[in-house]
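Going down the list, the sequences are from chains A and B.
The first sequence: position 174 = 174 (this note's numbering), numbered continuously.
The second sequence: position 30 = 30 (this note's numbering), numbered continuously.
Number of protein chains: 2
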Amino acid sequence: MVSKSGVTIVGAFFSPFVNRVQIAFNLKSVEYEYIEETLASKSDVLLKSNPIHKRVPVLIHNDKTICESIVILQYIDEVWTDNGYSILPSDPYDRAVARFWAAFVDDKMVPMLKELIVSAEEEKVAIKERIGEGLVVLEEAFTKCSEGKAYFGGDNIGYIDIALGSCWEFIKATEKISGLDLVDEAKIPKLVAWAARFQSNDAVKNVLPDIGRFVEVLERIRARAKAFPNRSWPYLPAE
Amino acid sequence: MVSKSGVTIVGAFFSPFVNRVQIAFNLKSVEYEYIEETLASKSDVLLKSNPIHKRVPVLIHNDKTICESIVILQYIDEVWTDNGYSILPSDPYDRAVARFWAAFVDDKMVPMLKELIVSAEEEKVAIKERIGEGLVVLEEAFTKCSEGKAYFGGDNIGYIDIALGSCWEFIKATEKISGLDLVDEAKIPKLVAWAARFQSNDAVKNVLPDIGRFVEVLERIRARAKAFPNRSWPYLPAE
Chain A
1 MVSKSGVTIV
11 GAFFSPFVNR
21 VQIAFNLKSV
31 EYEYIEETLA
41 SKSDVLLKSN
51 PIHKRVPVLI
61 HNDKTICESI
71 VILQYIDEVW
81 TDNGYSILPS
91 DPYDRAVARF
101 WAAFVDDKMV
111 PMLKELIVSA
121 EEEKVAIKER
131 IGEGLVVLEE
141 AFTKCSEGKA
151 YFGGDNIGYI
161 DIALGSCWEF
171 IKATEKISGL
181 DLVDEAKIPK
191 LVAWAARFQS
201 NDAVKNVLPD
211 IGRFVEVLER
221 IRARAKAFPN
231 RSWPYLPAE
Chain B
1 MVSKSGVTIV
11 GAFFSPFVNR
21 VQIAFNLKSV
31 EYEYIEETLA
41 SKSDVLLKSN
51 PIHKRVPVLI
61 HNDKTICESI
71 VILQYIDEVW
81 TDNGYSILPS
91 DPYDRAVARF
101 WAAFVDDKMV
111 PMLKELIVSA
121 EEEKVAIKER
131 IGEGLVVLEE
141 AFTKCSEGKA
151 YFGGDNIGYI
161 DIALGSCWEF
171 IKATEKISGL
181 DLVDEAKIPK
191 LVAWAARFQS
201 NDAVKNVLPD
211 IGRFVEVLER
221 IRARAKAFPN
231 RSWPYLPAE
């Protein structure tokens, strides 16, 4: 549990929420230890460090544990200030806008992706439409927030970039597993260009999961959802 | 839209999320204008100021609009610092703990309450059990966070107090409408005492809804849920 900088991430390679934390530490130039979880048999470290939700990511910083990716991102931004890189903007209104859109990603977009992966054939088109509408809303948000610059956060990757950008591979993997085109470049050209920029950024590119392995994970989740429909995502047995 | 302090809340009297914002301004000694929404026919002010979610609360501060209660609480804490009252703690770890538990209230407890209100008879007991387990988890969180003091936030009402305390009348109204006892004082004695303390605090007591009127609102929601099961909470038509 001890790492060079006293920082350990308990994660899973395919989790966008774990990737958020890794990207944040890369932006802050902070080294971290990484423990890969096998979600089908959760480790004692995970169960002990996140007894409430029993899910990744968990950040272990010295003797403290911090859970929930959005909470961790803000913790990282408040604790590691040495290299001058800010994830959240400094202005309170801009911070509120950033928190609003990050919550939109987590509360609206992510549940729709999960729904599409496990949905019955006849429901898929309607869910795809709703995801498309959500992406158009995010295209408009990008136009407003970026003010013509490269990222939601301006010239550099910020809070919304991490929250949404971490999920872009999830969107692409969901496209593959559902056989549906979710990203319509004609409707969201700026967002598509932004996603390419984000994914090739030095702080990001080595963090993102291999799409093939990501799809394999989603296939396993889908199979479990069919076998155990009364469980909730990711359809593993309760501990 | 103009108020003495340039602050307007668009709200609904029964909404715990609106009450959060009112309590925060009371703690900060900031006067605000209040516009009561009729959710069945949403006003142009609401639709224009919160086009994404079309729901209360909305904070209008000068020419800016801020949506989502948790986002608004943090905005208020960052903007109004004059009277020295802090809603969030200053230490980054304590802030992370506060954000974690506020998210637990919104992501775990509130959905269970909504579920219980509209659930079929045969599902009720199982949902009640899960709510009871959540409250026991919160009792333990109170013991840790309060360290023997009056509130989660210590001697004064803080972020978790507002997030959970605003929902206590919702819990009590859900008890009445479901005919089930959700609050077992033998299991959560500290939380029951804390809730009484919170609700009688000067910043809180005049904000909370009349329980009878709250129950009436929940009865209307339950009736709509029966008539239109494919809609989502609060089972009003889409705009």
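Glycine included, each C-beta is placed from N, C-alpha and C at the ideal position.
With H, G and I counted as helix, E and B as strand and the rest as coil, what does DSSP make of Thr8 of chain A?
strand
Backbone CA spacing between Thr143 of chain B and Asp184 of chain B [nearest angstrom]
17 Å
Of the residues that make up the region 54 to 74 of chain A, which ones have a beta carbon closer than 7 Å to any beta carbon in chain B?
Lys64, Ile66, Cys67, Glu68, Val71, Gln74
Three CB pairs or more closer than 8 Å across the region 221 to 234 of chain B and the region 186 to 202 of chain B:
no
Using CA atoms only, rank isn't needed, just tell me which of B:Glu36, B:Asp44, B:Asn19, B:Leu46 is closest to Phe162 of chain B.
Looking at the sequence itself, residue 162 of chain B is Ile, so the reference to Phe does not match. With distances taken between Cα atoms, Ile162 of chain B lies closest to B:Asn19.
Could you give the DSSP three-state label for Gly84 of chain A: helix, strand or coil?
coil
With 8 Å as the threshold, decide whether the Cβ of Arg224 of chain B is near any Cβ in chain A.
no
Does the separation of the CB atoms of Lys28 of chain B and Tyr93 of chain A fall below 8 Å?
no
For Val2 of chain B, which residues in the same chain have their Cβ closer than 7 Å to its Cβ, ignoring the five residues on either side in sequence?
Interpretation of Val2 of chain B is limited by its pLDDT of 42, a score under 50 that renders its predicted location unreliable; no figure is taken from the coordinates.
Can the beta-carbon of Pro89 of chain B be found less than 8 Å from the beta-carbon of Gly158 of chain B?
Yes; because the gap between Cβ atoms is below 8 Å, this pair is in contact.
For Arg95 of chain B and chain A, any beta-carbon pair shorter than 8 Å?
yes
List the DSSP bridge partners of Cys67 of chain A.
A:Val58
Partner residues on chain A for Glu78 of chain B, Cβ-Cβ distance less than 8 Å:
Pro92, Arg95
List, in order along the chain, the chain B residues whose C-beta lies closer than 7 Å to that of Arg213 of chain A?
Chain B residues near Arg213 of chain A: none, gap ~28 Å exceeds 7 Å.
By the criterion of Cβ-Cβ separation under 9 Å, what are the contact partners of Ala103 of chain A in chain B?
Within chain B, the residues near Ala103 of chain A are Glu68, Ile70, Val71.
Considering only C-alpha positions, which residue in the set A:Asp155, A:Ser49, A:Val118, A:Ile188 is nearest to Glu133 of chain A?
Measuring C-alpha to C-alpha distances from Glu133 of chain A to each of A:Asp155, A:Ser49, A:Val118, A:Ile188 identifies A:Ile188 as the nearest.
Within 8 Å, strictly: CB atoms of Leu73 of chain B and Ala150 of chain B
The Cβ atoms of Leu73 of chain B and Ala150 of chain B lie no closer than 8 Å to each other.
CB of Phe14 of chain B within 8 Å of CB of Pro234 of chain B, strictly
Taking a C-beta distance under 8 Å as the contact criterion, Phe14 of chain B and Pro234 of chain B do not qualify as a contact pair.
Test item: CB-CB of Ile171 of chain A and Leu113 of chain A under 8 Å:
yes
Short check: CB of Ile9 of chain A to CB of Pro51 of chain A, under 8 Å?
no
What are the start and end residues of the alpha helix (DSSP H) that includes Ile131 of chain A?
121 to 146
To the nearest angstrom, how far is the alpha carbon of Glu115 of chain A from that of Ile127 of chain A?
Answer to the nearest angstrom: the Cα atoms are 8 Å apart.
Start-to-end residues for the alpha helix (DSSP H) that takes in Tyr93 of chain A
First-last of the alpha helix (DSSP H) with Tyr93 of chain A: 92 to 104.
Among the candidates A:Phe104, A:Ser5, A:Val217, A:Val204, whose CA atom is the shortest distance from the CA of Asn156 of chain A?
A:Val204
List, in order along the chain, the chain A residues whose C-beta lies closer than 8 Å to that of Ile9 of chain B?
Simply none; closest approach about 15 Å.
Residue nearest to Glu31 of chain B in terms of C-alpha spacing, selected from B:Trp80, B:Ala102, B:Leu46:
When C-alpha distances from Glu31 of chain B are compared across B:Trp80, B:Ala102, B:Leu46, the shortest belongs to B:Trp80.
Alpha carbon to alpha carbon, how far is Cys67 of chain B from Trp101 of chain B?
Computed Cα separation, rounded: 20 Å.
Which listed residue (B:Ala238, B:Asp181, B:Val105, B:Glu169) has its alpha carbon closest to that of Val215 of chain B
Answer by Cα proximity: B:Glu169.
Cutting at 6 Å between CB atoms, please list the residues of its own chain near Glu129 of chain A, excluding the five before and the five after it.
Cβ-Cβ distances below 6 Å link Glu129 of chain A to nothing in the same chain once the five nearest sequence neighbours on each side are left out.
Let me see if you follow: with CB-CB separation under 8 Å, is Val137 of chain B close to chain A or not?
yes
Bounding residues of the beta strand (DSSP E) (the contiguous stretch that carries Tyr151 of chain A):
No beta strand (DSSP E) holds Tyr151 of chain A; DSSP gives it neither H nor E.
What does Arg99 of chain A reach in chain B if we use C-beta pairs closer than 7 Å?
Val71, Gln74
Close-in-space but distant-in-sequence residues of the same chain around Asp181 of chain B (CB under 7 Å, 5 per side omitted)
Glu175
Inspect the beta-carbon positions of Gly11 of chain B and Glu33 of chain B and report whether they are closer than 8 Å.
no
Which residues in chain A sit within 9 Å of Ile87 of chain B, going by Cβ to Cβ distance?
Under the 9 Å cutoff, chain A gives no residues; its nearest Cβ is about 13 Å from Ile87 of chain B.
Between B:Leu236, B:Gly148, B:Phe228, B:Glu139, which lies nearest to Val192 of chain B when the distance is taken from Cα to Cα?
The option with the nearest alpha carbon to Val192 of chain B is B:Glu139.
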